[in-house]
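Report on the following structure.
Protein chains: 2
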Amino acid sequence: MPAVLFRSPNDSSEPWRQALSERIPGLDFRAWPNVGDPADIGFALVWKVPPSFLKEFPNLKAICSLGQGVDHIFADPELPRGPHILRLVDPWMGRAMAEWFLLQVLRFHRQGPDYEAQQRRREWKQLPAPETSTRRVGFLGLGALGAEAAGKVAALGFDVAGWSRTRKSLPGITSYAGPEELDAFLARTDILCGLLPLTPETTDLMDASLFAKLPKGAFVVNAGRGAQLVETDLLAALDSGHLAGASLDVFRTEPLPSDDPLWTHPKVQVWPHVSALTNADSGADQVAENIRRVFAGETPINSVDPDRQY
Amino acid sequence: MPAVLFRSPNDSSEPWRQALSERIPGLDFRAWPNVGDPADIGFALVWKVPPSFLKEFPNLKAICSLGQGVDHIFADPELPRGPHILRLVDPWMGRAMAEWFLLQVLRFHRQGPDYEAQQRRREWKQLPAPETSTRRVGFLGLGALGAEAAGKVAALGFDVAGWSRTRKSLPGITSYAGPEELDAFLARTDILCGLLPLTPETTDLMDASLFAKLPKGAFVVNAGRGAQLVETDLLAALDSGHLAGASLDVFRTEPLPSDDPLWTHPKVQVWPHVSALTNADSGADQVAENIRRVFAGETPINSVDPDRQY
Chain Y
-11 MPAVLFRSPN DSSEPWRQAL SERIPGLDFR AWPNVGDPAD IGFALVWKVP
39 PSFLKEFPNL KAICSLGQGV DHIFADPELP RGPHILRLVD PWMGRAMAEW
89 FLLQVLRFHR QGPDYEAQQR RREWKQLPAP ETSTRRVGFL GLGALGAEAA
139 GKVAALGFDV AGWSRTRKSL PGITSYAGPE ELDAFLARTD ILCGLLPLTP
189 ETTDLMDASL FAKLPKGAFV VNAGRGAQLV ETDLLAALDS GHLAGASLDV
239 FRTEPLPSDD PLWTHPKVQV WPHVSALTNA DSGADQVAEN IRRVFAGETP
289 INSVDPDRQY
Chain P
-11 MPAVLFRSPN DSSEPWRQAL SERIPGLDFR AWPNVGDPAD IGFALVWKVP
39 PSFLKEFPNL KAICSLGQGV DHIFADPELP RGPHILRLVD PWMGRAMAEW
89 FLLQVLRFHR QGPDYEAQQR RREWKQLPAP ETSTRRVGFL GLGALGAEAA
139 GKVAALGFDV AGWSRTRKSL PGITSYAGPE ELDAFLARTD ILCGLLPLTP
189 ETTDLMDASL FAKLPKGAFV VNAGRGAQLV ETDLLAALDS GHLAGASLDV
239 FRTEPLPSDD PLWTHPKVQV WPHVSALTNA DSGADQVAEN IRRVFAGETP
289 INSVDPDRQY
């Protein structure tokens, strides 16, 4: 059996070694830098490896991302064309992501930032009660993660829509599709929730022009990728009063540099990329199944079309 | 047209005056104590008025509660027998309360206070990912509001139990009942959610002895009544490190005095009794319809059979 190679700057290898070895007895699991003979490696389980790293393995059958996103793999200009590109579609991750978006939506809906500010001033004042059914939440991105989060927000009675490349049919969620429907989607969105894959089309999508199309007083939440949001434009829209608040889990540079103005902006909540941390226990079933399939010459699950890149 | 009289110790009259006047042009709306001639009053919109108050209006056609409950009306031994007794059937209030508890549970579950503190220090650090299915949420009180909130928390995958006077059968919620099962309920509760009615038995229930029975690191949330929680005991349990955080919407003295230490405690979030505001906008359609029907001699909606009292 070929070997599995693990490399990630974020995730520790031991939980994966253990979880996969329990599922595949005799698995030859190698954690970088202990690669051994590159020709042994048939399956790479990776997160943000350096460019040109993956081309060094002549017998690679599959490259599996340690997260839902695969943009970090396609960012490699020398990415070998032969191996399957696989993503982790982890039900735990969907639940974690939905929880995080629910928390952000509820905090903004229930005037959390206003009441936090009142507490700092020791001010007791009841603000007008918000109405759930007319609060318009909009998800940029209705993939597996976006659909689950949008569905859970809609189940609480919010007015939920989503925007995606192709039209979706999801119960309780109004679907907007394609660039020609983006403006209409933005015009009806009070709380914008970003959960898009990173592609050339979504890079810098959330910029001054997009923020201007949201209603005054809108909130912006992003857990897609940092490169989709122009942070200086966000700060300007918050400072002008057009946007009322933002909660971000992803940034153009991670970790966020300690002198970045986002840290201290009173209308911004900074989360250190924790909306849906990868979890070996819940993801290992799927990775083990794909290792088995790929080594047996079968079609893997959750593979990505290299032409669409998601 | 007869006049509408408004009296409540909790609700302010102005939002109701405005919402009803928009719906019934020329409405003669009187807020107690500006009653005028008692014979003018044809419709009373009330919450917890004193005994013998309602018998003073000889031409009263209907008495409408400002809440779902009508027990406060039937508690009057001199309640006149002629008028219709009406309730406000407001789905909004249950939803608002459930939203508020979801927000508190998700914030504590997802380490919100820790990440807020990290942001103040400009510290980028990922904490261990929390596991939803093993996070034990416990509702003190499983009435209509508690059951709805507990059900929505359980629907997200949390391990939810509730404690009430009598045993409840609610899908997905473990029921603990009576004083003899309180300790077992507390021992399994990581996030305690208070939503009890105020009775002699629940006054001062949340005290040092109760907090000591929660696991170390537990969180306390209260939206029942302030007199159920001994605030000095809560602060001591937070300062000792036994409790990790608290979020309160009700207080022994409201408004919370500006020199109260709860305002500035780093582990306490203070909300000014807004978890589920009675909402004139969502209730006014129903009340206006009943005013119209009663004054036209038609059968009102949401009326209560005085013999069954519900």
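Chains as they are written, first to last, in this note's numbering: chain Y, -11 to 298; chain P, -11 to 298. The beta carbon of each residue, even a glycine, is placed where N, CA and C say it ideally should be. This one's a predicted model, so the numbers in the text were calculated from it and none came from an experiment.
### Query
Would M(-11)(Y) be called buried (16 or more neighbouring beta carbons within 10 Å of its own) or exposed?
exposed
### Message
Run through chain P and tell me which residues come within less than 9 Å of K113(Y), C-beta to C-beta.
### Response
P243 and P260
### Query
Near Q106(P), what residues of its chain come up, given a Cβ to Cβ distance below 7 Å and the 5 sequence neighbours on each side ignored?
K113
### Task
State the DSSP-derived secondary structure class of F283(P), mapped to helix, strand or coil.
The answer is helix: DSSP assigns F283(P) an H, G or I state.
#### Entry: Per DSSP, cross-strand counterpart(s) of G229(P)
DSSP lists no partner for G229(P).
### alpha helix (DSSP H) runs wholly inside the stretch 109 to 139 of chain Y, at least 4 long, in chain order
none
### Message
Against chain Y, with Cβ distances strictly below 8 Å, would A84(P) count as a contact?
### Response
yes
### Query
Which ranges would you report for the beta strand (DSSP E) in the stretch 174 to 199 of chain P if only whole runs of at least 3 residues count?
179 to 182
### Task
Examine chain Y for any beta-carbon lying closer than 8 Å to the beta-carbon of D269(P), and answer yes or no.
yes
### Query
Pick from V37(P), I51(P), G82(P) and E87(P): whose alpha carbon is nearest that of G70(P)?
For G70(P), the nearest C-alpha among the options comes from I51(P).
### Query
If you count every other CB in all the chains shown that lies within 10 Å of the CB of P203(P), and 16 or more means buried, which is it?
exposed
### Query
Does the stretch 245 to 262 of chain Y come close enough to the stretch 275 to 291 of chain Y that 3 or more CB-CB pairs lie under 8 Å?
no
### Message
With distance defined between alpha-carbon atoms, name the residue in E189(Y), L226(Y), V209(Y) and T191(Y) nearest to A200(Y).
### Response
L226(Y)
### Message
Using 8 Å as the cut-off, can you tell me whether the stretch 132 to 145 of chain Y makes contact with the stretch 174 to 189 of chain Y, which would need three or more C-beta pairs spanning the two stretches below that distance?
### Response
yes
### chain Y contact for L33(P) (CB, 8 Å cutoff)
no
### Query
Is the beta carbon of F207(Y) less than 8 Å from the beta carbon of G233(Y)?
yes
### DSSP bridge partner residues for I29(P) (one or two, in chain order)
In the DSSP output, where bridge partners are listed per residue, I29(P) has A(-9)(P).
### Query
Closest by CA to I29(P), which one among W35(P), L15(P), F173(P) and P39(P)?
L15(P)
### Message
Within a Cβ cutoff of 7 Å, which residues of the same chain sit near N(-2)(P), ignoring the five residues on either side of it in sequence?
### Response
W35
### Close beta carbons around G145(P), own chain, < 7 Å, minus the five adjacent residues each side
T120 and S121
#### Entry: Buried/exposed call for S228(P), threshold 16 Cβ in 10 Å
exposed
### Message
Taking 8 Å as the threshold (C-beta atoms), are D248(P) and A211(P) in contact?
### Response
no
### Query
So which of E242(Y), S0(Y), G214(Y) and V(-8)(Y) has the shortest CA-CA distance to T266(Y)?
S0(Y)
### Query
Would you call the stretch 150 to 167 of chain Y and the stretch 77 to 95 of chain Y touching, i.e. three or more CB-CB distances under 8 Å?
no
### Query
Thinking C-beta only, is K49(P) closer than 8 Å to F62(P)?
no
### Task
Measure the C-alpha to C-alpha separation of R155(Y) and R296(Y) and round it to an integer number of angstroms.
For R155(Y) and R296(Y), the gap between their C-alpha atoms comes out near 16 Å.
### Task
In the DSSP assignment, find the unbroken beta strand (DSSP E) run with G150(Y) in it and report its ends.
D147 to S152
### Message
Residues in the same chain with beta-carbon distance under 8 Å from W251(P), minus the five sequence neighbours each way, listed in chain order, please.
### Response
L244 and V258
### Message
With H, G and I counted as helix, E and B as strand and the rest as coil, what does DSSP make of T302(P)?
### Response
Past the edges of chain P, shown from -11 to 298, lies residue 302(P), and the structure says nothing about it.
### Query
At a CB-CB cut-off below 8 Å, which residues of chain P make contact with Y164(Y)?
In chain order: nothing, as chain P lies at least about 26 Å away.
### Message
Distance cutoff 8 Å, beta carbons only. Does A117(Y) sit that close to anything in chain P?
### Response
yes
### Message
Taking the alpha helix (DSSP H) that F62(P) belongs to, which residues open and close that run?
### Response
D59 to F62
### Message
Would you say Q107(Y) lies against chain P (beta-carbon separation less than 8 Å)?
### Response
yes
### Message
Against chain Y, does G145(P) count as a neighbour if the rule is that its beta carbon must be under 8 Å from one of theirs?
### Response
yes
### Residue environment, D269(Y), which counts as buried when at least 16 other CB atoms sit within 10 Å
Exposed, since its Cβ has fewer than 16 Cβ neighbours within 10 Å.
### Task
Out of L170(Y), G150(Y) and I279(Y), state which residue places its alpha-carbon closest to the alpha-carbon of I161(Y).
With distances taken between Cα atoms, I161(Y) lies closest to G150(Y).
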